[in-house]
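Some notes on the structure that comes next.
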Amino acid sequence: MSTPAVVLSVCRGLPAEHLHPDGTRVRTAIFKAPVAGPVAVRRLGLEGDGQADRRHHGGEEKALYAISATHYPHFARLLGRELERGQFGENLTLSVAEEEGIRRGDRFRCGTALVEVTTPRVPCRMVDLRVGPGFLGPFLDSGRWGFYLRVVEEGVVAEGDPWNPVEANPSGPTLAESIAETVRRKRGG
């Protein structure tokens, strides 16, 4: 199970229309920005946050999206520029939350909320819109996707709050194992 960490940013955003690099008009909520102060964590996500594509995002099993801040330097080097918090559309940027050390079903106290890891995030083409054209491929290849959370107990979270492991699921696959399986299936292996 993952070690304790800290919430470095709480990010939210609402769906809006954008021009995708491929020339299509899209409605997305990938443009999340850090929020100052405490934010309510509800069963379906952060208060004031939204999702445009409800088929792939949101709902009880994907109420929150979290990513480790340890991934930011890798992508900043790859892109040759600094990245701002919320860059990947995440709700929570955590000081440390590596996919190799977290399993589906692991539970964490995040601020006053209790959350459970459900599945890795599978990156979609909207990251090209948010981060830059051509980023989707390297993001997929990296395996540094972050993960979705179910809200077990509602509460409040703010920047600087602890991210503490509460209950491990030793029988669940690690997120890294789940990501490797997803990549293998997508490549036909």
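In my numbering, the protein residues as written are 2 to 190. The C-beta atom is built at its ideal place from N, Cα and C for all residues, glycine as well.
Bounds of the beta strand (DSSP E) holding HIS19 are 17 to 20. Here the segment 5 to 20 lies against the segment 73 to 93, with 3 or more beta-carbon pairs under 8 Å apart. Inter-residue distance for VAL128 and LEU137 is about 6 Å (C-alpha atoms, whole angstroms). A distance below 7 Å between beta-carbons, with the five flanking residues on each side excluded, links GLU101 to the following residues of its chain, in chain order: THR175, ALA177. A distance below 8 Å between beta-carbons, with the five flanking residues on each side excluded, links LEU45 to the following residues of its chain, in chain order: GLY59, GLY60, GLU61, ALA64, VAL152. Here THR25 carries a coil assignment [DSSP, helix/strand/coil]. Nearest to HIS72 by C-alpha distance, out of GLU160, ARG56, ASP107, GLY144, is GLY144. Contact between VAL7 and GLY161 is confirmed by a C-beta separation of about 6 Å, below the 8 Å threshold. When the alpha-carbon of HIS57 is set against those of ARG186, ASP142, CYS125, the nearest one is in CYS125. Here THR119 is actually not in contact with ARG108; their C-beta atoms are around 11 Å apart, not less than 8 Å. From the listed residues ALA77, VAL123, THR113, the smallest Cα separation to PRO163 is found for THR113.
Across the set ARG185, GLU154, GLU18, GLU182, the C-alpha of GLU154 shows the shortest separation from the C-alpha of ALA41. In the three-state reduction of the DSSP assignment, LEU45 falls in the coil class, being assigned neither a helical nor a strand state. Here the alpha carbon of PRO134 sits roughly 6 Å from the alpha carbon of PRO22.
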